[in-house]
Structure formats: C-alpha cells, structure tokens
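As structure tokens, the structure follows; a few thoughts come after it.
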Amino acid sequence: MKKLNLILFIGLIFCGLQQIKAQSIAKSLGMYIFPSNNQDQATQDADEADCYKWAINQTGYDPLNPPTVTAAEVDTSPDGAAVRGAAVGAAGGAAIGAIAGDAGDGAAIGAIVGGVRGRRAKRAQDAQQQQANNNAAETQAKAFEDDYKKAFSVCMEGKGYTIK
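According to our numbering, the sequence shown is numbered sequentially starting from 36.
Right, here's the structure in full:
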C-alpha cells in the first residue's frame, strides 16, 4: 500500500510539474493564449504541453533550457599595428626634425607617438569587432526564440486557440 501511495504521489507531482511547465512556457515567452473553442483549463494545459514538445522537435530550441550562444572572441594579441604606427611616426618625425635641425630626435619622438597611436587604434578596432560579435550572438539567440514562438503559436492555433 505504501508503494502505491508513493507511486501516486510521484505521479501527481510529475503531472503538476508538467502543468506548471506548460503554463509558464507561454507566460515566459510573453504570449497570451485564449481558448477560442471554449476549451477547459485542463485541455488547454495539455495542449500547451503537447505544443511545447512539438515546437522543440520542430526547432531544436527549448525555451526552458535555451542553448548558450556565445560571441566569438576577438584576437587581442599584437598584430603589428604599433610597429606600423611607429614606422609612420618615425618617418614623419624625421621629416619634421630635419626641418627643425635634429632628424634623430624627431624620428624618436615620432616613433613613440606613432606606436602609441597604432596600439590605440588596434584596441579601438578590437573593441568595435567584439561589440559586433556580441550583437551577432544576441541576434542569433533571439532568432532561436522567435523560431520557437512561431512553431508553438502555429501548433496552438491549429488546436483552436488565439495567441497574442
């Protein structure tokens, strides 16, 4: 008898969790479901659970356990931008230094300034690329969710519900 009670208890918990899970799907996605054909709450809960599973099978996306979409990391290692900047700066500094009478000092100052500018430009470019990668990852995650919402909505509409 205790085993039977335990089995019934576990079954009730499982069924209750499935109903909560189905109810929370539509709400968590910001969707409102209206039973157009006067379906009762038990039927609606069962239909939501069925459509939840069907939409996962169609899209490969589970809104209760969404995949992690990570942005590609930008390579922030030195790539020669500082060297190129230093070379350009040294050439410019030498030209200015020659006019002022000391090409060597002008080249040294130009190399330092050019190197700093090159590194700053590289960092700015890396930050801009990382932001673009982050935006692409967010767009992909949103596309997965939107695809799931579409499949879930189609299923529920096919079962006689209005979804907004």
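Cβ atoms here follow ideal geometry from the backbone N, Cα and C, with glycine treated the same way. Bear in mind the structure is a predicted one, so any value in this text is a computation, not a measurement.
Within the continuous beta strand (DSSP E) that includes residue i, where are the two ends?
i, result
"TYR196", "196–198"
With 16 as the cutoff for other CB atoms within 10 Å, does residue i come out buried or exposed?
i, result
"LYS157", "buried"
"PRO102", "exposed"
"ASP82", "buried"
"LYS185", "exposed"
"SER63", "exposed"
"SER71", "exposed"
"ALA107", "exposed"
"LYS199", "exposed"
"ALA159", "exposed"
"GLN79", "buried"
"TYR96", "buried"
"ALA61", "buried"
Consult DSSP for residue i and reduce its assignment to one of helix, strand or coil.
i, result
"GLY65", "coil"
"TYR183", "helix"
For residue i and chain D, any beta-carbon pair shorter than 9 Å?
i, result
"GLN175", "Among the chains in the structure shown there is no chain D, since it carries only a single protein chain."
Length-filtered (3 minimum) beta strand (DSSP E) runs lying within the segment 70–116: none
Inter-stretch contact (C-beta, 8 Å, three-pair minimum) for the segment 161–175 and the segment 79–96: no
Inter-stretch contact at 8 Å, needing at least 3 Cβ pairs: the segment 95–109 / the segment 178–189: yes
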